[in-house]
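Its first residue numbered 455, the sequence shown is counted upward by one per residue in the numbering used here.
Take a look at the structure set out below.
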Amino acid sequence: MTDLSLAPDIRAARKLRPVINVSGTMTALGASIVVPEAVAAVAAILPEFVEINELHKIASPVIARLTGGEAGFVTASCSAGITLAVAGAMTGDDLAAIERLPDATGLKDEVIIQTGQVVSYGAPVDQGIRLAGAKAIYIGQATSCYPYHLDGAINERTAAAVFVVSHHTVQYGLIGLKQFAETCHARGVPVIVDAASEYDLRLFLEQGADVVLYSSHKFLGGPTGGIVAGSKSLVRSAFLQNRGIGRGMKVGKESILGTIAALEAWEKRDHAAIRATESGYLDLWQRTLAGRPGVATALEPDPTHNPLDRLRVTIDPQEAHITAWDLADALASGARPVIVRDHETEHGYFYMDPCNLHPGEAEIVAARLDEELSKARQSNEIIATPYEKRYAARIDKLLQWPD
Ligand SMILES: *Cc1c(COP(=O)(O)O)cnc(C)c1O
C-alpha cells in the first residue's frame, strides 16, 4: 500500500491553502479523502496498458454485487451518468442513433422530472437531461406533485423519468420513489435515480429504480467518477454512449480501477467505528461551543437518512458580535482555513460535517472556533457584512477567474 506519510506536502509545494473540510463531500473542495485501497489501485494502474472494455467488464460484477443491479459501469461523474442513462433510454443499442445525439430526431425525447427535484448540485440537474438531446418535462410545482401529474405527462414520446435523492430537493409534498416507479412502470417508462450522495447502495433499485447513479468520489472515497447500475439492457445502452456523447465524459483506467477498489473497501469498512469517531468530533465541537454568548448548537441527522449527524451552529450576532456568515468567512481565512457547510447562513446558522477529517484536524477546528469567536466577542462593533454583498462577492470572484 502507498505510504502516504512519505508523500511530500503537495499543497505547500503548489502554494495551495491547507484547507480543513468541515463542509461535506464538496466538488469545490476536492470531494473526499480517497481511501488508501483506491489510491494504491490508481497509482498501480496508471503506468500500465489495459484493454479498457475488459476493465469495464470487471467493474460490472463488482457494481452488481454491491448494488443488487444486474450490471454496472463507471463513467466520469454522477452528472455524466444522468446524461448517459437518459441517452441510453432514448437510443437503446442503436449505434447510429448514438452517433447522431444530441440530435434526437425520430427518438423518444421527453424525460420527466418533478419540479421540486430540479436542483443544482453545482450545475442544474435538468441540464444533465438536456445534454443528451432530451427535453426535460417538469411536473407539479416546487412543493407539490401528485401521481396524476406524472401519469398525465407520460405519452408516446416519453423516454424516461428521473428521480433525484438529495438534501437539496424539497423534502415534502412530492411523489416518493416507490409510487413514482409504480406509476412509470405501469406505462412502460424506465426510472433513473440520481443517488449521487447516498450511502445506501441497494435501496433505490429495491424501491423500483431501473438505473441508479452514484458518485465514486463522495462517501465511497473513490477517485472522481460516477457509477451507473441497474437493469443490464439499460446499463448497456448507457455504456454504449461512450461511442458518442459519452466520449467527452470519458473515464480513465485509474478511475475505473480506483472505483472498484473503493467499492471493495466499502464492503469491508468498519462503519460503526467510523461513526463513533465522527461522534467524537461532533462532541468535541459541541463542548468547545458550549456556554459561549450568542452561540447555540444542536445535532441534526442527515436529511436523506444517511448514517451521519451534523452539528448545527446558530449565531446570534448581537451576543456573538458576528453574523453566521461572517464567522464562516473568518474560519475560512488564515493559515489553517476551516470550511464549514454554509449553504443556508442567511438564516443565521451553518453546519459542521464530521466526515472528511484527518486525525488531529478536529482539534484544530475546535481551536479555530475558539479563536474566531473570542476575537469577535472582543470586537466593539458587530461584524455584519450585508448578506447580499457576500453573495455578490462570490460571483464577482468567479467572473475574475483566472485572475
Ligand atoms: C453531487 C451530486 C451530483 C453530481 O455528482 P458528480 O459525480 O460530482 O457529478 C448529482 N446529483 C446529486 C444529487 C449530487 O449530490
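A virtual CB, placed ideally from N, CA and C, is assigned to each residue, including glycine.
Where K851 sits in the DSSP three-state scheme:
As a first step, residue 851 must be located in the sequence shown, where it is residue number 397. Of the three classes helix, strand and coil, the one that applies to K851 here is helix, per DSSP.
Straight-line Cα distance separating M480 from K511
Numbered from 1 along the sequence shown, position 57 holds the residue referred to as residue 511. Numbered from 1 along the sequence shown, position 26 holds the residue referred to as residue 480. Each residue's alpha carbon lies about 29 Å from the other.
For T713 and V489, believed in contact at Cβ under 8 Å, the rounded distance
Position 35 of the sequence shown, counting from 1, holds the residue named residue 489. Position 259 of the sequence shown, counting from 1, holds the residue named residue 713. The distance from the Cβ of V489 to that of T713 is about 11 Å, inconsistent with a contact at the 8 Å cut-off.
Using DSSP with H/G/I as helix, E/B as strand and the rest coil, what is Y845?
Translated into the one-based positions of the sequence shown, residue 845 becomes position 391. DSSP places Y845 in helix when its eight states are reduced to three.
Helix, strand or coil: which one does DSSP assign to L628?
Numbered from 1 along the sequence shown, position 174 holds the residue referred to as residue 628. The answer is coil: DSSP assigns L628 none of H, G, I, E or B.
Label W861 either buried or exposed according to how many other C-beta atoms from any shown protein chain fall within 10 Å of its C-beta, with 16 as the threshold for buried.
Outside the modelled stretch of the chain, which goes from 455 to 857, sits residue 861, for which no answer is possible.
Answer yes or no: do A683 and V643 have a C-beta to C-beta separation smaller than 8 Å?
Taking the sequence shown and counting its residues from 1, one reaches residue 683 at position 229. Taking the sequence shown and counting its residues from 1, one reaches residue 643 at position 189. No, Cβ-Cβ distance for A683 and V643 is not below 8 Å.
In the structure shown, what three-state DSSP assignment does L765 receive?
Residue mapping note: residue 765 aligns to position 311 of the sequence shown, counting from 1. Here L765 sits in strand by DSSP.
How is the beta strand (DSSP E) around N760 delimited, first residue to last?
Locating residue 760 in the sequence shown gives position 306, counting from the first residue. Where N760 is concerned, there is no enclosing beta strand (DSSP E), because DSSP gives it neither an H nor an E.
Please tell me whether G802 and I769 are closer than 8 Å, where the distance is taken between their beta carbons.
Against the sequence shown, residue 802 aligns to sequence position 348. Against the sequence shown, residue 769 aligns to sequence position 315. G802 is a Cβ neighbour of I769, given a cutoff of 8 Å.
Using the C-alpha atoms, what's the distance from D664 back to L674?
The residue you call residue 674 lines up with position 220 of the sequence shown. The residue you call residue 664 lines up with position 210 of the sequence shown. Straight-line Cα distance between these residues: approximately 21 Å.
Excluding the 5 residues preceding and the 5 following R844 in the sequence, name in chain order all residues of the same chain whose CB lies nearer than 6 Å to its CB.
As a position in the sequence shown, residue 844 is number 390, starting the count at 1. Contacts found: W779.
Is it buried or exposed, E652, if we count other Cβ atoms within 10 angstroms and call 16 or more buried?
Counted from its first residue, the sequence shown places residue 652 at position 198. E652 counts as buried, since no fewer than 16 other beta carbons sit within 10 angstroms of its beta carbon.
Going by DSSP, what residues sit across from Q595 in a beta bridge?
Residue numbering aside, residue 595 sits at position 141 when the sequence shown is read from its first letter. DSSP lists S598 as the bridge partner or partners of Q595.
Nearest by alpha-carbon distance to G630: which of A847, R641 and V618 is it?
Translated into positions along the sequence shown, residue 630 becomes position 176. Among A847, R641 and V618, the Cα nearest to that of G630 belongs to V618.
Compare the Cα-Cα distances from Y668 to each of K686, E502 and I646 and report the closest residue.
On the sequence shown, residue 668 is found 214 positions in, with the first residue counted as 1. Comparing Cα-Cα distances from Y668 to each of K686, E502 and I646, the minimum goes to I646.
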